[in-house]
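Worksheet: one structure, shown below.
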Amino acid sequence: MTLEGSLDAFSLPDIFQLLSFTKKSGALHIQSPSTAGVVFFATGSVTGGTSDTGRQALGRRVVGKGLVSDETLAAAVAMVREDAALGLARALRDSGAAEEGVLHEIAIEQATDAVFDLLRWSSGDFAFQSEEHNPDDLGISLAVEDVIAEGRRRLETWEALSRVVPAPDMVLSLPIATIAAETVVSAEEWTLLSLVDGHRSVADLVDLTGRGEFAIVSTVVSLVERGLVAVRAAEADDVEGVAALLRRQSQLAELEGRAPRRESAGSAAARRLAAEPAPAPAAEEPATVGERRAPDKPFQAPQRSPISTNAAHAPEPRSAAVAQGAVPQVVPTRPDSILARKPDFPERPIPGVRQPSAGVPRTIGATAVAAATQPASVPSAGALIERDPSVNKSLLLRLIAGVRGL
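In this note's numbering, the protein residues as written are 3 to 408.
Given below as structure tokens:
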């Protein structure tokens, strides 16, 4: 049997009724300008369906409920790739990864959501392919009358829901305001709340959870009415969520003299704050009397001409930088060293006075004088006198000579 036409000529409920009355089995394909859907029948009853054939709708629903692990899902995906006639949900059931009763409930929700989505299509074409099997047939069988009745009931409430969530791209955020009274959330509501981060849209939540748009929007409206979720357009500022709190705290940070705290780079609020231009620097004011003004540039020492060196008295390089010429060697240009000069009156041993042993200095007044047997590296008394510029050298040397003559 070949049944095809346009939704402008035949309504979808009428087509469903026809397939139910004739006990047909197969797949009813519906094509819209933007996407395609399919509803599977077995002896006139609905066994499954999706409003987007480009997605694993039933598989997304199973994964969104957290029923499978990474390893289990990878094994099921490999089975589907090997057998094109096998659906992901059926592969999970055949492998024993998920309970069959839970999978039945998910399949019923998916088929009901798909019919509701298709009923909202105002234009498109349809074609029925007999004997085409459902790859994700989990054994459910829904009466056409019940599915159509549930779809119409949802259509009646959809207009009221659309006033709160007018489009799928509406962004959800958690308000900071205190809730007026204690509230209890269901498991489905908690799953949705855990995915709200201030920049995910309703469409994103539909993709992540795998649930239908009606189920997500209904849950969102319920949370909005209790003050648990705020809804805004994607381009609008967040006036109730974390971004608003950051803006207000930044104003307090200015009074405190601190830099405003910013969110992590992965959040939408942080991206918006990063995109804001930096404030222009304040105009410089002249320094008042008694006020020191910081220099505009760091101080740099003036460049000096290198000091000439004397190669005869130049010391060994202290480091590699000195050896390479990076640090100039500063050597006095005096031709004769003080240590190299000899005293005018050489020391002579004093008769009758015991001379100190080698290496032990003797003292004349407050000046230490080396013994005659002292190594040459130790300066003599004359050399020590020469070092001290405050001493009258000639007078002191004459006194020393007179003492030795006694």
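No residue lacks a Cβ here, since even glycine has one placed at the ideal position from N, Cα and C.
The model shown is predicted, which means the values in this text are computed figures rather than measured ones.
CB contact below 7 Å: residue i versus chain C
i    : result
S203 : Looking for chain C here will not work: only one protein chain is present.
Exposure label - residue i; buried when at least 16 CB within 10 Å
i    : result
S13  : exposed
A314 : Bear in mind that a pLDDT of 43 at A314, under 50, signals an unreliable position, so the model cannot answer this.
R83  : exposed
P308 : Note that P308 scores a pLDDT of 47, beneath 50, so its modelled location is shaky and nothing firm can be said.
G98  : exposed
D10  : exposed
S23  : According to the sequence shown, residue 23 is Phe rather than Ser. Exposed, by the Cβ-count rule.
S1   : Only positions 3 to 408 of the chain appear in the structure, and residue 1 is not among them; the question remains open.
D2   : A question about residue 2 goes unanswered here, because the residues of the chain that appear run from 3 up to 408.
T49  : buried
A280 : Reliability of the predicted coordinates at A280 is poor, the pLDDT of 47 falling under 50, and the value obtained from them is presented with this limitation in mind. When all chains shown are included, A280 counts as exposed.
A403 : exposed
G214 : buried
L248 : buried
R95  : buried
P283 : With a pLDDT of only 47 at P283, under 50, the local geometry of the prediction cannot be trusted, and the value read off the model is given with reservation. The residue is exposed, with fewer than 16 neighbouring Cβ atoms inside 10 Å.
D119 : buried
G21  : The displayed chain sequence assigns Leu, not Gly, to residue 21. Buried is the call here.
G259 : exposed
L207 : buried
A419 : Residue 419 is absent from the structure shown; the chain starts at 3 and stops at 408.
A261 : exposed
A169 : exposed
A217 : buried
P317 : With a pLDDT of only 46 at P317, under 50, the local geometry of the prediction cannot be trusted, and no value is derived from it.
V329 : With a pLDDT of only 47 at V329, under 50, the local geometry of the prediction cannot be trusted, and the value read off the model is given with reservation. So V329 ends up on the exposed side.
Whether residue i touches residue j by CB criterion (7 Å)
i    : j    : result
A424 : E134 : This structure gives no information on residue 424, because the portion of the chain shown stretches from 3 to 408.
W160 : S34  : no
R63  : Q131 : no
V167 : V231 : no
L140 : H106 : yes
L174 : V198 : yes
R228 : T185 : yes
A87  : P137 : yes
T55  : V79  : no
G61  : A91  : yes
L121 : G153 : yes
S71  : A44  : no
A109 : I142 : yes
A38  : L69  : no
Beta-bridge partners of residue i, as assigned by DSSP
i    : result
G51  : V41
F12  : For F12, which the question treats as bridged, DSSP gives no partner whatsoever.
I32  : G39 and F128
R232 : One point to set straight first is that residue 232 is Ala, not Arg, in the sequence displayed. In the DSSP output, where bridge partners are listed per residue, A232 has S175.
E215 : DSSP lists no partner for E215.
E6   : A129
Integer Cβ distance of residue i from residue j, believed to fall under 8 Å
i    : j    : result
I203 : D171 : Looking at the sequence shown, residue 203 is not Ile but Ser. About 5 Å separates the two Cβ atoms, so the contact holds.
V104 : G51  : No, V104 and G51 are not in contact; Cβ-Cβ is about 19 Å, not under 8 Å.
A145 : S47  : 6 Å
D127 : S224 : In fact, because the Cβ distance is near 36 Å, the residues do not count as touching under 8 Å.
E6   : A151 : So it is not a contact: roughly 26 Å between Cβ atoms.
T221 : E191 : 6 Å
Residue i CB to nearest heavy atom of the ligand COA below 6 Å
i    : result
A183 : Only the bare structure without any ligand can be found here, which leaves the ligand COA out of the picture.
Quiz item: Mind pulling the alpha helix (DSSP H) runs of 4 or more residues that sit fully within the region 54-120?
Solution: Secondary structure remark: continuous alpha helix (DSSP H) runs of at least 4 residues inside the region 54-120, in chain order: 59-66, 72-84 and 90-96.
Quiz prompt | 3 or more residues per run - each beta strand (DSSP E) lying fully within the region 142-204 | solution = Listed in chain order, they are 173-175.
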